Amino acid sequence: MAQPSELPMTCPGCNLQGIDFNSVSMGDKRFIDSNFSQADLRRANLSNMYMLTTNLQGADLRGADLRHTFFTRSSNFRGADLRGANLHDVWFTDADLRGADLRGANVGLITTLEGADLRGAKVDASFYSKVMADQPYGICLLNTTLPNGDIIRDSCEFR
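Numbering follows this note's numbering, with no gaps: position 88 of the sequence shown is 92.
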């Protein structure tokens, strides 16, 4: 099994499906078209990463540190468990978060959910007040589908 320290700084097409990286530090890497589906990433440090078109479907990211990470161009989080994850300054651009569990995650500190699809995502009662706070100047929600199916078309105004 690959160890995080053995992974290259850039890993296009890496297949890490079902891998156990519980509590490991993997920050400062780039994964492009990589597969982390069903991976155990609980409490892992995934900060400062760039993940382009990465598959995290069904991954366990409970308590993971995702600070300053970019998930772009259709990264797949369908059914992923992000409960209690640190989402400070995370970019979910065009990410598929359908059915993801975001309860207990600090969603109010996300930078962008632009183009994200959150239909059916499990969220705390405070999700809407945190995510919709200070619109259109807060979290970028341009063309974002919220868990209840509402679509935000006008957002991302910068101060």
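Think of the CB as a built atom: it goes at the ideal place given N, C-alpha and C, for glycine as much as any other residue. As the structure is a prediction and not an experimental result, all values here were calculated from the model.
query: So, do the stretch 129–136 and the stretch 77–84 have three or more beta carbon pairs nearer to each other than 8 angstroms?
result: no
message: Here's a check: name, in chain order, each residue in its chain whose Cβ is nearer than 6 angstroms to the Cβ of GLU118, leaving out the five neighbours to either side.
response: THR97, CYS144, LEU146
query: Do you know how far the Cα of PHE40 is from the Cα of ARG123?
result: Each residue's Cα considered, the two are about 21 angstroms apart.
C-beta atoms of THR58 and PHE25 nearer than 8 angstroms: no
- request: Please classify PRO16: is it buried, with 16 or more other beta-carbons within 10 angstroms of its beta-carbon, or exposed?
  value: exposed
message: Tell me the rounded alpha-carbon separation between ARG163 and SER79.
response: Residue placement at ARG163 cannot be trusted, given a pLDDT of 42 that sits under 50; what the coordinates show is reported in the next sentence. Between ARG163 and SER79, the C-alpha separation is close to 28 angstroms.
Nearest-angstrom Cα separation, counted from SER51 out to SER159: When only Cα atoms are considered, SER159 and SER51 end up about 26 angstroms apart.
query: Between ILE155 and LYS134, what straight-line distance do the alpha-carbon atoms span, to the nearest angstrom?
result: 16 angstroms
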